[in-house]
Each structure stands twice: as structure tokens, then as C-alpha cells.
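Novice: Attaching a single structure in C-alpha cells format; questions to follow.
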Amino acid sequence: MEITAAQALVRCLEKENIEIIFGIPGAAIAPVYDALYNSKIKHVLVRHEQGAVHAADGYARATGRVGVCMATSGPGATNLVTGIANAYMDSVPMVVITGQVNTERVGTDAFQEVDTTGITIPITKHNFLLKDPAQLGETVKKAFYIASTGRPGPVLIDLPGDVTSSKIKFKYPENVKLRGYKPTYRGHPNMIKEAARLIDKAQRPVIYAGGGILNSSACGELKQLAETIDAPVTNTFMGLSSFPGDHPLYLGMLGLHGTRYANMAITECDLLIALGARFDDRVTGRISAFAPGARIIHIDIDPAEIGKNVKVNLPIVGDVKQILQALLTQVKKTERPEWHRRILELKDNYPMRYSREGGLKPQFIIERLYAETDGDSLVVTDVGQHQMWVAQYYRFKNPRMLISSGGLGTMGFGLPAAVGAQLGIPGQQVILITGDGSFQMTIQELSTVKEQKLPIKIFILNNQKLGMVRQFQQVYYEGRYMAVDFLFHPDFELLARAYGIDGFTIRSEEDAVSMLPGILESPGPALVNCLVYPGENVSPMVPAGRGIDEAIEFAEGENTL
Amino acid sequence: MKHTLSVMVENQPGVLARVAGLFSRRGFNIDSLAVGQTENPAVSRMTIVVEGDDRIVEQVTKQLHKLIDVIKVGDITAEKYVDRELVMVKVNADAGQRGEIMLIADIFRARVIDFGRRTLTLECTGDEGKITAFEESLRPYGIKEMVRTGKVAMLRGTRFTSVENSGLDQDVE
Amino acid sequence: MKRTGANILLESLREEGVDTIFGYPGGSVLPIYDAIFDSDIRHILTRHEQGAVHAADGYARASGRPGVCLATSGPGATNLVTGIANAYMDSVPIIALTGQVVTSQLGKDSFQEADIVGITLPITKHSYLVKNAKDLTKVVKEAFHIATTGRPGPVLIDIPRDVSAALVEPEEESPLNLPGYNLPDVPSKNRLEEAVRVIMASKRPVIYAGGGVVNSGAFMELQQFAEKIIAPVTMTLMGLSGFPGRHPLALGMLGMHGSKYANYAVCSCDLLIAVGVRFDDRVTGKLERFVPEAKVIHIDIDPAEIGKNVKVDIPLVGDVKNSLAELIKRLKAKPSGAWQDQVQNWKKEYPLTFEENEEGKLKPQFVIREIYRAGQDRARIVTDVGQHQMWSAHYYDYTRPRSFISSGGLGTMGFGLPAAIGVQVACPDELVFNIAGDGSIQMNIQELATAVNNNLPIKIAILNNGYLGMVRQWQELFYNHRYSQTELINPDFTKIAEAYGAVGMRIERQKDVAPALLEALAVKKPVVMDFLVEREENVMPMVPPGEPLDKMLG
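Residue numbers (the working numbering), protein chains in the order written: chain A, 14 to 574; chain B, 17 to 189; chain C, 291 to 844.
Structure follows, in C-alpha cells:
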């Protein structure tokens, strides 16, 4: 029997076990929305397409499954661009479905036409403009396959309205053939053997673990490796939650705002084991001063990451989990008491600290949230100072418990991503920690929170400023503050109520201590406006162009406006 | 140094944009790019000459390989290969100079493909060195217009590059 | 004297007469913001970069001067994409300045790196990635020239942080050298004379006027032209306000949601004089049935528009204002006749109407009519996208150029509020209305903070029907009433207004509309008026997609 390509698309999605789609309808995608009308797939209507794509992203990061979002042609599609770029930078598996004007109108600047595939070439793993409805099944199959395998990433399918309206015979292929795409999973055995040899030989190894650990579900193997070879572990921002935050071998995050002991350990190590990481500029600081005395083993699924930023002594291309499993059969159980002593010394010399003088400190709120939730919450953040404080002061116990925009650093990611995460794991407590600047960017999704009855707890660490930029202007521009002061803010508590959500304000440590338990236990969504000390800086900080061992800390009194 | 890459791609709309976009985005410099169909109509072959050290070319190769529509990438610089480029030159040629120019054309085995009242248009194929020498020889007469196709290249002997199986295994691991 | 790239940039902007930048700071634009610190250019901090680019767009549309927006690299830049595409489709001159990661980190997927030049290739008139601070003077000069001349459009300048921070000796000013960019002059004499012959010979001429009239400032010329040959004038959405709405020759808008009399006139004409238009699909309906009998004269600055969608008999490539002036010079006055009577009869027979509701419930069209009564010729109307946009096109008579500002080609929901901010900044003493839908307003609602922050007394009228109304209408008409994902559960917009420090009002009955508007106009602050209108009102007339213009519903 023939059905419309739109109906076939929905059937394909059902075959891929898609349970939820985020989107907004429009004329060019209307046939697909009509086909969704009778489907068991849940559609979540957001209030801006940016909300749809970040929600799909949050869903994917929380569940490890492919996120799906949908938008119409023209502005619907362009509104997805930031979210697609965001998923691309953080290797998040996503399938993006956009409507397009009818094929005979493509290229004529028709109403709500943009060259969606052209625009998204630099920010998708791959994209398709489907002109032949008969190719629908194969295209969808390819899209999901490409998005979810190898190094994951977003794939876009652009569907003209006449294509989705035409009748086809439905067929969903079992397999895909892509002669230009064959990810490598098994690492080269000789390389693995050599890695084991280097590890056994090393005196001061450090494991530098990134988002690839989470993507390949290698957290168990990571822990086993660290314990077997007795090597301390530091995480990139994307790698946080891949290693238990309270483990004695844990060094916390490295890099620009990393712990000083993690950065010193990198500087002093003789072997750096990079796992699913990409030597981002925010991690390495000045390249020549990064792990200067170390040999580097780099394990990654993406061959193009090897040697991109840093010269690597031993590259192993493949799936991190499979490679670690193989490696674990070859490394010797080792103890390195001397290196341990040195690490403890570094931890003692350079502890993470902040002063509680001067008002309610943002770090305090995060520490309280950690204590109240026992580290069991799924934490979603936005981008800026609060994001770094979460990385520094919340100790993640379990994998995928932090969802945040790393590579692109997208303010406004938080709220919609929290929506996606909560819908992905309904029983899980979800906390959004955001800033007053970030939160406003996608504030309309409070409507979605309300409509979907999502019990997300939102904490705005409100310093009435674009805090990270202000900090930069203090450090690099002699306090010549420009365009970082929000002279005016909405009344967030009142705003919450306008959206039908409970609103609270926390002004002091006492407020925090007394109010947080009740808020966290309340059954519905809550928005908490935390009025924090506005001059607080993220500390430590590696100044631009310096080595990561040259971090500065902000002494008492330097956190001024 | 210059590297010659042989890139097999799906013969599909937009492939050229993906490849060109990659070079521009990653800041790689293209010296020349020639593209056309192969023995298999579903596959196109690009011959790309890039300038850069080994590390850059390695990145280029790996990044190209990440494009889904790119089937195979080979750096044939170090291999034995033949390469050719075609050039068309419109050169000033008064009656008195035509003989000399024809002589030069003869030396380079170029052909006259068009002539005007005061110009000759010549076609010449060859490797880069020959084409450059040809250009230099004509320059004194005044080149009005010139167009080069960019180089295409193929492995020598029995070895061959194709999609299905290959005598040249440059797949990146 | 050596100066930083950022300082050179700011001086060049000043040189171009820029007085306002709409922007949002970030790491890669820090040097530029530090230069703004010392500059007298006004910076308006929005709450999302999409707000900045739409505000620059609104500023440009209202003032006719290029709008400037500024964002950081990565997400800042990508957040501009919709707004750039929007300006591109509607030929609006904007300069989008973006920060970029330092040149040594380019192409390495660095923190907040996005290939914004690559991404925006299809949606900019031109773009630059500046790699040397010395080039900034030249680049800015070229960018403004390209954005504002010919067919205007957005130009993007991407500036890596090390370039804006670099200390260099600025280059001497040099004349523009753009061999690939040629501007058409006035059409040739032969063409003009041919056009005059055809016009004089025509019995049933119709003028079809678009945004090009507004862009070239040809308001007076169009009126003279129409009066001289007594030809009725129908306008595209972009052309509204290009011809006085209450003029006897005005036919209102044509196309999918055009007036019946405009569509009938177009379908019956023997000569279509297309002025600064592009035969968009929303205008022509089924192409094969669009003016098959008529000769077509097409005046446009963009040669690529000629013959793109419709076969043109006489192309006049050139500036609309100058071309019209040339034609007027050559034309003799034509008398009125049967055709003009026929058109007037259609106007009487098929007026734009709606059923007023006896129970006093609110019809959205009624609200527009009342806004018209309150705002008349002095207001600037900025709309969002959807049903309310079409009603604003139908029931408000625009009498001066640039008084109707709306997202036409891209149809961007969320354009309205930030664009209204830009309009109010450009026209501080004027009355600015943002007419919005409940779906559209939410898309950039955060910009209420910008409006309040900058004391911009914009009046926001939300025609709230609890639906994505236009899509719902399509689902009603073409998908058998299957309302898939178009119903909206909305926040309390009056409370939102109050939370933002604006004034909130809710209006539910006809009789309350006029007093509420009076009250709103008296307030010197942003006001959000939440009009709870009939939920399933349709925009009529309507040409179903794929049908010819004379097959109208309603």
C-alpha cells in the first residue's frame, strides 16, 4: 500500500524507536505534522526552534540515544543553527528534520526558503536534501546510522513539502551501505601493546579523560584502568561525570579554570594518557607548556583529532571502550606511592577555595545543592561563570549527570536542554543551574516546562551581570566595564508566576540553608532567583597565552567590581 | 611543499561545496582543483594540489576523509604517477610574429585552436613544468588571456586507484 | 600613530555615520567592546543576539540607513543567522560584525569557534574574514558600500580577536576597487521608449509595486506615475507603505492573502507594470496562470530578478526611483476609462470585511481597525509573522513610506519586538506599535528587558488566539481540521509585562479596545496589550497553495 512520504518518515522514526520529537510546525513541514497526528511518538511543542534543538540535545546527552527535532523551512531552520553547531562541537547524536519549499521552488528565494543544507555544511556531520521521495527510507536510515556511530554528531534531513506529500511504497532498509563512511572501532593491537609498555614504564602517568568516555560508555573501564595502573585522573569539562568526583585518584577538571593540582600534575607527568579528548585550547593553554615532559598516548575514535593540536607519540584510533578493554588485559597492576605523595602535596598546596566573606557566594549555593542532593541530581548548566563553578564545586557520582554546552559555549542552552533531559529520564531529579544572562536567552521555554509538567528546579545565580565577560574586562581591560551590566532585569520571581511556576528568591546563606530542602523536594517546577555577590571571580584562572601551570588566584579583595 | 591528492567522491550535488568549504574553513590552501567523472558514473574524482607541510597535509587528508561523500583519499605525491594539465593561451600575434609563435607551439606540441586578426589561441597539455615553460615562452609576445584546468593525475603502471578495490591503499586509520 | 584594530573599526563606523550598535559581548569581541567604551557610538545591549540583528534590521528599515549589530564568535555569531537571512530576503542593509577566535586557532574547532563566513555564504550579499587589522578601513568602507547600494543586503565582517587587538598603522584611505560589483544605471533609452509605447497602448494596466519602491525612496514618483496613466496600484507585503493606502488608485495587497479586487485586477490586466518586486510564490500563486495574457514590464535594480519566475516582455534594469522618473518624463497623461470603472466596481463589490461579533467578543480584524484609528498616519507598525501580520496588511492603511515594517520573504516569527526596538531607537519621538501573535511574541520575549532598560515606549498588541493561528488555519482548510501541535498553552502576558517593569493590559471585549488603546498611548513606557481574540478566525480571502490568484476562498 502506498502512503505519503511524511507518513513513511513517521514509520521510520518508529522503527528507530524514537519516542519523542521536539519541534514547531509550519507550512513546509505541515505534511509531517499531519502524519504525526496519529503516531505514538510524543511531540513536544517548544516556543522557539532553538528550544527544540537544545532539548533534543539535552535528551540525547541524558539518555545516550539519538535526539530528534523538527522545524519548518526558512526561519524555522535557521533558528536551529546555533543548536546544531552546539551538538556538532560536543559530538552529540542528533537527527534534525527540516521542511523545505517545494522542489520546483528550491533556489528561487521562495517564501520561507533558505539553503538549509548549504548553511549547515560546516556544522553537521552530514546532511541531505531529499528530492526523490522513494529515497526516504534509505536516507533516514543513513541519517540515524551516521549520527549515532563513530564520533557522534548531528545529521540534517531537509524535506521539501511536495516530497513529504507524495505517495510512496514504504520500505525501511535493514542495513546501510556507505562506502565513504567506515568508522574504526578496534584499536590496532600493536599500538595497544605499545601503550601498555609505555604505561608500565612510566613513573608519573596522568589520565586526561574527555567526553569520548561518556560517548562510548567507557566509565567502568576508565575507573578500572586508573585503579589498575594507579594513575590520577583529570577530566575535561566534557568529561565531567565520567569518573567519580569523590574518588581518591580524582584531580577534578584541568585547563583554563581547572584545579591547580590537576594542571600541575599535567605539567609534572611523564606520561599523558588522553582518552576521548581533543586538546582544546581551553584545556592546553600555551601548547608548548602543556605536559612538556610527557609522552602522549592519544586514544580517540576520530583520526582527525590525532595530532590536530598537539604532537602525539602514540595514537590509537578506535572506540575508547573497546581499546581500554584490550589495554586492561595487558597492563600490569601497579602502585606508584611516590607520585601519589606528590599529588597529595599538590592538592594540599593548591586547594580549591573561595571566601565566604562579602555576601552570598555562588559557590556556596552549588556546594549546598551538592550536599542536599548527595550528588545524585542530573545537573544542567548554561554558559559562563556559574558553569565553571558547577564544574569546580559539584562532584558528579554517575555518568551523564552533567549536561552542558562545552565546545560552542552556548548561552541559553540550559533551560531547553533541561527540558530534554527531564523528558528523557522522567524519574530523575533535574537541576538547572544558570546565570541571569544565559537564562534570559531561552526564557520562553518556561511555557514548555509548564505545559509538560516538568519538575525541573531552576537556580539562577544572579549577579546582574555578564559575569564571565566582566571578569575578563577586570583582568585584561583594567576594569573598563562595557556592556556587561544588566541595568535592568525582570523580577524573576514574578516572571516565574506569570508562567505558572513557583518562584523564590534567595538572598543569604541562611535563606539557602533553610529554603533549598523544601524547594528540592517540591513536586513541580521551581525557579529560584539567587542574588549572589556580583563581583565574584572564577578562580583559579590561567591567563591568556600562559601555560596551565601559571594559573592565578583571586585573593581576598580582588573580587571587586 | 606541494602535495597531490587524489580524492574519490560520490557524484552528487553539493559535494564540491562540501570539499571547498572544508578547505576554506580549516584554512588549507588549494593550489588547484580539477574534478570530473570517472569510469564509474556514480563516482567523481578530484585532483587537488595543496600547499603545506606533512602535518597539514595529514590533517587535510583526515578531514577530507570525514566527509561522508568522500570515498577515498590518496596522497600520491610520493608515488609514481603521471599528471597532466591543459592550458589555453590567447597571445598577441601580428603577422610578423606568427611564425615564431608557431615554432614555439611546435616545440611544446601545442596546437592552434583559434586565431583572430592579431591573436592566436593555443592549446597545450603537459605536466606542470611544461605548462609553466610554455607560458614563459609566450609571455614576451603578450598574453591576452590564459586559462589552466588544474592538474589531473593517475598512478603509473598496473597500480590503480578506484573505489571498489585499489592498488593504492591510502585509507587513513 | 598606531591604533588597535578595534579602534580603527570604530573610527570607520563613525566615518560611515553609525550612531548605534545593537550587540551582545563575549570573549572574542572584548577588544571591540573596549574600544566602544571610549566611543560616542551608542551601544544597546540586547538579551539574545537574535534581538540585536532584528533590531539592526528594524533600525535600517525605519531610517533607510544601514543597521549595525555585533556579536561574539561561535554561538553569538550563529544566533545572528536567522536575522541575517531575514535581512537578506527582504533586501535590508545591515552590517553584522562578529568576533572570531584568534587566527592561530582558526579551523581547529576551538572554543566558541564557528565558521560563520561559511555558514552565512547563502544568506549574505557579501562577507569578510579579516586577517590583518590594516585591512579594516578598507573592509568597512567596502562593506557599507555593498550593503547600501544596488539591491541592499546584509554584509558580514568576521574579525578574529587578535586582529581587533593588534596595534597597527592604519592604511591610507584608498578609492573603492570592486571590479566584481557593478551597479546598474538607468535603463537604456530604447527600453524606456518601448515601455512607454506599451503603456500608452495598454487598455487595462495594473501597477504591481514592491519593496524596491520603498528602498529606492520612490514614493512620490510611484504616485505621479500611477496618476499620470491612471493605473490601479497593488502592493506586495513589502511594498505596503510604498503607495498611500487611501489613494483612490490603491488596491491594497495582492497574492495569497491579497484583496479580491487586487487579484481580480491582476488576473484581468493586459499590462502588468512590476516595480521593485520579485514575483514571489506568495504573490503569483500558480505560476502558469499568473497574468498569462498580459505584457509584463519589470523595473528592478537586480538583473537576476528579471525573468527568474515569470517571463518579462520589457525588462528595465535600474534604480526604481530614477527609472520611474524617466518614464514619467516620457509618458503622456492617459484618460480614465472602462477599466478604471471596472476596478472601482470590484472594490465596491468585494471589499475586505469581517463579521463583527454581536456578543461583543473580539475579532482580531477589529483590533487592527482600532489600532489604525488610534495610530493613523503617525504610527509605525511593526508586525511579527502569521495571521495578525496579514490582518495588519488588510486593515491598516499605510500612508507614508517605511511605516509598515514586517518580515516578508523569510517570514520570521519573533522578528516583531526586537525590530520595533530598532525602529523606536531610529525614530525616538514616534509612536511605534508591535502587532504580534501569541506564538511570535514568545520567540523573543526576553527583549522586553531591552525595551524597558532603554525607555523605549513601544506598544505591543498581542492578538492572542491560543494557537499558531496560520498553521492552524492551514490544518483546518487542507488537513481536515487535524490540529497537530498548533494549540498553545500560554503564560499570563500581563504578568510577564509587569515582571519586566512594563505595563500589562488584558482586553477581551470590543468595547474595551478603544479606551485601552487610549490609555496605552498615554503611558510613556512599553505596554503589553493582551487582546484575547476569537480563536479560530481565518485570514480571508485566501488563494490555496498551488491555485491561481482568482481562485480565492472566503
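For every residue, glycine included, the Cβ atom is placed at its ideal position computed from N, Cα and C.
Would you check if the region 772–787 of chain C and the region 484–494 of chain A touch, i.e. whether three or more CB-CB distances between them fall below 8 Å?
Specialist: They do not touch, by the three-pair rule.
Novice: Which residues mark the beginning and the end of the alpha helix (DSSP H) in which Gln53/B is found?
Specialist: Here residue 53/B refers to the residue found at position 37 when the second sequence is read from its first residue. Note, Gln53/B: premise wrong, no alpha helix (DSSP H); beta strand (DSSP E) at 45–53.
Novice: Could you round the C-beta distance between Pro365/C and Thr95/A to whole angstroms and report it? I think they count as a contact, below 8 Å.
Specialist: Taking the third sequence and counting its residues from 1, the one referred to as residue 365/C is at position 75. Taking the first sequence and counting its residues from 1, the one referred to as residue 95/A is at position 82. Between Thr95/A and Pro365/C the Cβ distance is about 5 Å, and since that is below 8 Å, they are a contact.
Novice: Can Ala518/A and Asn550/A be called in contact, C-beta distance under 8 Å?
Specialist: One-based indexing of the first sequence puts residue 518/A at position 505. One-based indexing of the first sequence puts residue 550/A at position 537. The identity of residue 518/A in the sequence shown is Thr, whereas the question assumes Ala. Contact: no.
Novice: Would you say Thr410/C and Ile374/C are within 8 Å of each other, going by their C-beta atoms?
Specialist: Here the question's residue 410/C lines up with position 120 in the third sequence. Here the question's residue 374/C lines up with position 84 in the third sequence. Their beta carbons are under 8 Å apart, which means Thr410/C touches Ile374/C by this criterion.
Novice: Which whole-angstrom value is the C-beta distance of Ile279/A and Leu267/A, which I expect to be below 8 Å?
Specialist: The residue labelled residue 279/A in the question sits at position 266 within the first sequence. The residue labelled residue 267/A in the question sits at position 254 within the first sequence. So it is a contact: roughly 6 Å between Cβ atoms.
Novice: Here's the rule: buried if 16 or more other CB atoms are within 10 angstroms of the residue's CB, otherwise exposed. What is Asn411/A?
Specialist: Translated into positions along the first sequence, residue 411/A becomes position 398. Exposed.
Novice: With DSSP run on the structure shown, which of helix, strand or coil describes Val188/B?
Specialist: One-based indexing of the second sequence puts residue 188/B at position 172. For Val188/B, the predicted structure reports a pLDDT of 37, less than 50, and the residue's modelled location is therefore unreliable. The matter cannot be settled from this model.
Novice: What is the residue span of the alpha helix (DSSP H) that Arg487/C lies within?
Specialist: If you number the third sequence from 1, residue 487/C lands on position 197. Unbroken alpha helix (DSSP H) run through Arg487/C: 479–491.
Novice: So for Tyr407/A, helix, strand or coil by DSSP?
Specialist: Residue numbering aside, residue 407/A sits at position 394 when the first sequence is read from its first letter. Three-state result, Tyr407/A: coil.
Novice: What does DSSP give as the partner residues of Met24/B in its beta bridges?
Specialist: The residue given as residue 24/B occupies position 8 in the second sequence. Beta-bridge pairing links Met24/B to Arg61/B, Lys88/B.
Novice: Jot down the residue ranges of each uninterrupted beta strand (DSSP E) in the region 380–447 of chain C, minimum 3 residues, whole runs only, in chain order.
Specialist: Fully enclosed beta strand (DSSP E) runs of 3 or longer: 384–390, 416–419.
Novice: Give the secondary structure of Tyr662/C by DSSP, where H, G and I count as helix, E and B as strand, and everything else as coil.
Specialist: Sequence index remark: in the third sequence, residue 662/C carries index 372 (1-based). In the structure shown, Tyr662/C sits in a helix (DSSP, three-state: H, G or I).
Novice: Helix, strand or coil: which one does DSSP assign to Glu351/A?
Specialist: Start at 1 with the first residue of the first sequence, and residue 351/A comes out as number 338. The answer is helix: DSSP assigns Glu351/A an H, G or I state.
Novice: If the cut is a Cβ gap below 7 Å, which residues of chain A does Arg61/B touch?
Specialist: Start at 1 with the first residue of the second sequence, and residue 61/B comes out as number 45. Going along chain A, no residue has its Cβ under 7 Å from Arg61/B, so there is no contact; the nearest lies around 13 Å.
Novice: Is there a C-beta anywhere in chain B that falls below 8 Å from the one on Gly39/A?
Specialist: In the first sequence, the residue the question calls residue 39/A occupies position 26. Not an interface residue.
Novice: Is it the case that the Cβ atoms of Pro718/C and Pro816/C are separated by a distance below 8 Å?
Specialist: Along the third sequence, read from residue 1 onward, the residue named residue 718/C stands at position 428. Along the third sequence, read from residue 1 onward, the residue named residue 816/C stands at position 526. In this structure, Pro816/C does not lie closer than 8 Å to Pro718/C by Cβ.
Novice: Distance, Cα to Cα, Thr461/A vs Asn780/C?
Specialist: Walking along the first sequence from the start, residue 461/A turns up at place 448. Walking along the third sequence from the start, residue 780/C turns up at place 490. Straight-line Cα distance between these residues: approximately 9 Å.
Novice: Determine the extent of the beta strand (DSSP E) in which Leu606/C is found, giving its start and end residues.
Specialist: Here residue 606/C refers to the residue found at position 316 of the third sequence. Start and end: 604–607.
Novice: Give me the Cα-Cα distance between Leu235/A and Thr297/A, rounded to the nearest whole angstrom.
Specialist: As a first step, residue 235/A must be located in the first sequence, where it is residue number 222. As a first step, residue 297/A must be located in the first sequence, where it is residue number 284. Rounded to whole angstroms, Leu235/A to Thr297/A spans 21 Å at the Cα level.
Novice: Please confirm if Val31/B has its CB atom under 8 Å from at least one CB of chain A.
Specialist: Within the second sequence, residue 31/B is the residue found at index 15, counting from 1. Val31/B does not count as touching chain A.
Novice: State buried or exposed for His771/C, treating a residue as buried only when at least 16 other CB atoms are found within 10 Å of its CB.
Specialist: Within the third sequence, numbered from 1, the residue matching residue 771/C stands at position 481. Per the 10 Å Cβ criterion, exposed.
Novice: Taking Lys182/A as the reference, give the member of Ala48/A, Asp449/A, Ala21/A with the closest Cα.
Specialist: Translated into the one-based positions of the first sequence, residue 182/A becomes position 169. If we check each option's Cα against that of Lys182/A, Ala21/A comes out closest.
Novice: Establish whether the CB of Arg41/B and some CB of chain C are separated by less than 8 Å.
Specialist: For the purposes of this step, residue 41/B is taken as residue 25 along the second sequence, with counting starting at 1. Cβ-Cβ to chain C under 8 Å: yes for Arg41/B.
Novice: Looking at C-alpha atoms only, which residue of Asp313/A, Leu143/A, Ala496/A, Gly289/A is the closest neighbour of His201/A?
Specialist: Taking the first residue of the first sequence as 1, we reach residue 201/A at position 188. Closest option to His201/A, Cα to Cα, is Asp313/A.
Novice: Tell me which residue opens and which closes the alpha helix (DSSP H) that Gln679/C is part of.
Specialist: As a working mapping, residue 679/C is identified with position 389 in the third sequence. Its alpha helix (DSSP H) spans residues 677–685.
Novice: Could you work out which residues of chain B lie near Asp405/C, taking near to mean beta carbons separated by less than 7 Å?
Specialist: Here the question's residue 405/C lines up with position 115 in the third sequence. Here the neighbours are Arg41.
Novice: In angstroms, rounded to a whole number, what distance separates the CA positions of Gln390/C and Ala377/C?
Specialist: The count along the third sequence starts at 1 and reaches residue 390/C at position 100. The count along the third sequence starts at 1 and reaches residue 377/C at position 87. Going by the C-alpha atoms only, they are around 22 Å apart.
Novice: For chain A, find out if any of its Cβ atoms is closer than 8 Å to the Cβ of Gln798/C; answer yes or no.
Specialist: On the third sequence, residue 798/C is found 508 positions in, with the first residue counted as 1. The identity of residue 798/C in the sequence shown is Glu, whereas the question assumes Gln. Chain A, which has no Cβ nearer than 8 Å to the Cβ of Glu798/C, makes this no.
Novice: So, at 7 Å on beta carbons, what are the nonlocal neighbours of Asp185/B in its own chain, with the 5 sequence-adjacent residues on each side left out?
Specialist: In the second sequence, counting from the first residue as 1, residue 185/B sits at position 169. Only weak support is given to the placement of Asp185/B: the predicted model assigns it a pLDDT of 43, under 50, and the question is left unresolved by the model.
Novice: Counting only Cβ pairs nearer than 7 Å, list the residues of chain A close to Ile661/C.
Specialist: Position 371 of the third sequence, counted from the first residue, corresponds to residue 661/C. Result: empty, since nearest Cβ-Cβ is about 24 Å, beyond 7 Å.
Novice: Does the CB of Tyr46/A have a neighbour CB from chain F at under 8 Å?
Specialist: Judged by its chain identifiers, the structure shown contains no chain F, and its protein chains are A, B and C.
Novice: Over the uninterrupted alpha helix (DSSP H) stretch that includes Tyr72/A, give me the two end residues.
Specialist: Residue numbering aside, residue 72/A sits at position 59 when the first sequence is read from its first letter. Where Tyr72/A is concerned, the enclosing alpha helix (DSSP H) stretches over 62–76.
Novice: If you check the beta carbons only, do Val392/A and Asn475/A fall under 8 Å apart?
Specialist: Translated into positions along the first sequence, residue 392/A becomes position 379. Translated into positions along the first sequence, residue 475/A becomes position 462. For Val392/A and Asn475/A, no; Cβs fall outside 8 Å.
Novice: Please report the residue range of the beta strand (DSSP E) in which Leu561/C lies.
Specialist: Your numbering for residue 561/C matches position 271 in the third sequence. Element bounds for Leu561/C: 561–565.
Novice: Counting only the same chain and skipping the five closest in sequence on each side, list residues whose C-beta sits under 6 Å from that of His56/A.
Specialist: Here residue 56/A refers to the residue found at position 43 of the first sequence. If we look at His56/A and ignore the five residues flanking it on each side, its Cβ neighbours are Ile34, Leu49.
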